[in-house]
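One structure below.
Residue numbers (this note's numbering): 8 to 215.
This is the structure in structure tokens:
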């Protein structure tokens, strides 16, 4: 799938930037490109979730300072234009958080899936909050989305995570759960104080 999809995305990007095409055609090419990117992301998620299910994905853990990790993840997300039109807020404690041992690639994938979920299921103008807190012998990374994401709270979150990707958000959330469990952690859903549904990833600290 990836090879023909790359060709579709490449030609669509060329057409999107072609000044000799009418604006409406360029807009349509942009839609083709963005939808192709969604297909690519879904293929990547399906591949990774299968590897995690079959214990084929090796964890490359390293010491992570949570605050620096989240700031870099947020910067990459915003610089990529994904958060455009949203009110983005970082929520980190004033005291340093305990260090964790984690695979930065997989953990960044989990956080990005949650951030992307907020953007895809909310209209521009909403708010997204990314942060972390210490709870006992764990560090909790959390993402809160806007009003539309609260629709997830109306269903059983456990069943959402067990879905095989039939729902638009099913594969992404299942992958978040798998990544958390691969690190010896858990995922929880709850109604946030002001930003809608909060998805929390609880991970053991390095000295737990």
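Where a beta carbon is used, it is the ideal one built from N, C-alpha and C, also for glycine.
**Prompt:** Do residue 146 and residue 186 have their C-beta atoms closer together than 7 Å?
**Reply:** By 1-based counting over the chain shown, the position of residue 146 is 139. By 1-based counting over the chain shown, the position of residue 186 is 179. No, these two residues do not count as a Cβ contact at 7 Å.
**Message:** If contact is defined by three or more beta carbon pairs under 8 Å, each pair taking one atom from either stretch, is the region 116-133 in contact with the region 61-71?
**Reply:** no
**Request:** In angstroms with no decimal places, state the Cα-to-Cα distance between residue 184 and residue 39.
**Result:** Translated into the one-based positions of the chain shown, residue 184 becomes position 177. Translated into the one-based positions of the chain shown, residue 39 becomes position 32. Between residue 184 and residue 39, the C-alpha separation is close to 30 Å.
**Item:** Cβ-based neighbour list, residue 36, same chain, cut-off 6 Å, excluding 5 preceding and 5 following
**Value:** Mapped onto the chain shown, residue 36 falls at position 29. Closer than 6 Å at Cβ, skipping near neighbours: 19, 22 and 23.
**Message:** Check for me: the alpha helix (DSSP H) holding residue 94 runs from which residue to which?
**Reply:** Reading the chain shown from its first residue, position 87 is the one you call residue 94. First-last for residue 94: 94-98, but that is the beta strand (DSSP E), not the alpha helix (DSSP H).
**Message:** Could you tell me the alpha carbon to alpha carbon distance between residue 159 and residue 90, rounded to whole angstroms?
**Reply:** On the chain shown, residue 159 is found 152 positions in, with the first residue counted as 1. On the chain shown, residue 90 is found 83 positions in, with the first residue counted as 1. With a pLDDT of only 46 at residue 159, under the threshold of 50, the placement of this residue in the model should not be trusted, and no figure is reported.
**Item:** Nonlocal neighbours in the same chain, by C-beta distance under 6 Å from residue 136, ignoring five residues either side
**Value:** Along the chain shown, read from residue 1 onward, the residue named residue 136 stands at position 129. The answer, listed in chain order, is 96, 98, 151 and 202.
**8 Å CB neighbourhood of residue 213 in its chain, flanking five on each side removed** = If you number the chain shown from 1, residue 213 lands on position 206. So the qualifying residues of the chain are 70, 105, 106, 107 and 108.
**Message:** Quick check: what's the CA-CA separation for residue 182 versus residue 27?
**Reply:** For this step, residue 182 is matched to residue 175 along the chain shown. For this step, residue 27 is matched to residue 20 along the chain shown. Between residue 182 and residue 27, the C-alpha separation is close to 42 Å.
**Message:** So, for residue 56: in the same chain, excluding its five sequence neighbours on each side, which residues have a beta-carbon less than 7 Å away from its beta-carbon?
**Reply:** As a first step, residue 56 must be located in the chain shown, where it is residue number 49. For residue 56, where only same-chain residues beyond five positions count, the Cβ hits under 7 Å are 178, 181, 182 and 185.
**Item:** Of the residues 115, 29 and 61, the one placed nearest residue 78, counting alpha carbons only
**Value:** Within the chain shown, residue 78 is the residue found at index 71, counting from 1. Nearest C-alpha to residue 78: 115.
**Asked** Quick one: Cα of residue 138 to Cα of residue 101, how far?
**Response** As a position in the chain shown, residue 138 is number 131, starting the count at 1. As a position in the chain shown, residue 101 is number 94, starting the count at 1. Whole-angstrom Cα-Cα distance: 12 Å.
**Prompt:** Is residue 16 near residue 43, with beta carbons less than 7 Å apart?
**Reply:** On the chain shown, position 9 is the one that residue 16 refers to. On the chain shown, position 36 is the one that residue 43 refers to. It is a contact, given that the beta carbons lie within the stated cut-off.
**Asked** DSSP three-state call for residue 179: helix, strand or coil?
**Response** Within the chain shown, numbered from 1, the residue matching residue 179 stands at position 172. Three-state DSSP puts residue 179 in a helix.
**Item:** Endpoints, alpha helix (DSSP H) assigned at residue 30
**Value:** By one-based count along the chain shown, residue 30 stands at place 23. Per DSSP, residue 30 belongs to the alpha helix (DSSP H) from 30-60.
**Request:** Starting from residue 142, follow the beta strand (DSSP E) in both directions and report where the run begins and ends.
**Result:** In the chain shown, the residue the question calls residue 142 occupies position 135. Per DSSP, residue 142 belongs to the beta strand (DSSP E) from 134-142.
**Request:** Measure from the alpha carbon of residue 141 to the alpha carbon of each residue in 209, 113, 11 and 25, then state which is nearest.
**Result:** Within the chain shown, residue 141 is the residue found at index 134, counting from 1. With distances taken between Cα atoms, residue 141 lies closest to 209.
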